[in-house]
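Below: one structure, written as structure tokens.
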Amino acid sequence: MILGIMQPYFFPYIGYFDLINRTDRWIVFDVVKYHPKSWMNRNRVLHPTGGWQYVSVPVDKHAGDGLIKDARILNTEMAKARILGQLTHYRAGRAPHYQAVVTLVERAFEAAETDRLRDLNVASLAVTCEYLGISFKPENLSEMPLDLSGVHHAGGWAVEIARALGASEYINPPGGREIFNEREFELAGIRLRFTEAADFRYPTGRYEFQERMSILDVLMWNDSASVREYLENLATSVRLKHL
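Residue numbers (my numbering): -9 to 233.
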């Protein structure tokens, strides 16, 4: 069983979905401190006059004092309206899949059953995965009866969770290499692997292409089949390397 564990991000960049697509089981890492102004409550889309801008979900000012699972959105309806407003220039810029993306945003807000930021973010992942045809069955770590008393450093969470769930392999984005001790995984009988940085380039009409944008931008300009094909090609290339 290949395991993925990540903090829940808001409509993240395509590399996050590459990670989901390579895993068999997905754990929402919501038991550590929430950090304001992170990928958990904002992401990047094109700015109408050039470059990029943040789309963000306002969170209660006390959220930084608590855990990810407890961070709450200030006003869900206002947040949705503001984000949709920041996307309207894509329609004027003739993004071919503008309406499909608007529908994804609306569905994510509708699917979030509480005012917790975590639930909105997981909903944003779920509706996007469904749109792309990727299997996604998230489990919130805070709601799982696991004994993780053996965690003594930041990189220890992954190996202890993987061990507790009987994973044979743990996969992580490339940016996390420095926090993991490969020897710990070896001793636990778990293979540690990292994805490569995704580099999906595409025409963006009258706008200049920007790197590592939210999946919202990717899906404005590319149909779901093309994005899914890209992700499948990434996963296939990795499998072939290890045959």
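Even for Gly, the Cβ is constructed at its ideal location relative to N, Cα and C.
Span separating the alpha-carbon of residue i from that of residue j
| i | j | result |
| --- | --- | --- |
| Leu115 | Ser214 | 14 Å |
| Arg106 | Met68 | 15 Å |
| Val45 | Phe126 | 24 Å |
| Pro243 | Pro193 | With the chain running from -9 to 233 in the structure shown, residue 243 is simply not present. |
| Trp42 | Phe199 | 10 Å |
| Lys231 | Gly75 | The predicted position of Lys231 is uncertain, since its pLDDT is 44 and thus under 50; a value taken from the coordinates is nonetheless stated next. So the two alpha carbons sit approximately 44 Å from each other. |
| Asn31 | Val47 | 5 Å |
| Ala61 | Tyr24 | 7 Å |
Enclosing alpha helix (DSSP H) for residue i [first to last residue]
| i | result |
| --- | --- |
| Tyr88 | Tyr88 to Ala101 |
| Met210 | Ile205 to Trp211 |
| Ser114 | Leu107 to Leu122 |
| Phe175 | Glu172 to Ala178 |
| Leu155 | Gly146 to Leu155 |
Inter-residue CB distance, residue i and residue j (contact presumed, cutoff 8 Å)
| i | j | result |
| --- | --- | --- |
| Ile205 | Phe1 | 5 Å |
| Thr118 | Leu94 | 6 Å |
For residue i, the residue or residues it bridges with in DSSP
| i | result |
| --- | --- |
| Ile262 | With the chain covering only -9 through 233, there is no way to say anything about residue 262. |
| Asn33 | Val45 |
| Ile63 | Val49 |
| Lys23 | Leu57 |
Contact under 8 Å by Cβ, residue i with residue j
| i | j | result |
| --- | --- | --- |
| Asn162 | Phe184 | yes |
| Val49 | Ile58 | no |
| Ala188 | Leu138 | no |
| Asp14 | Ile(-5) | no |
| Leu9 | Val35 | no |
Residue i, enclosing beta strand (DSSP E) - first and last residue
| i | result |
| --- | --- |
| Ile161 | Glu159 to Asn162 |
Proximity test, residue i beta-carbon vs the ligand FAD heavy atom, cut-off 7 Å
| i | result |
| --- | --- |
| Val22 | Ligands in the displayed structure: none, and consequently the ligand FAD is not present. |
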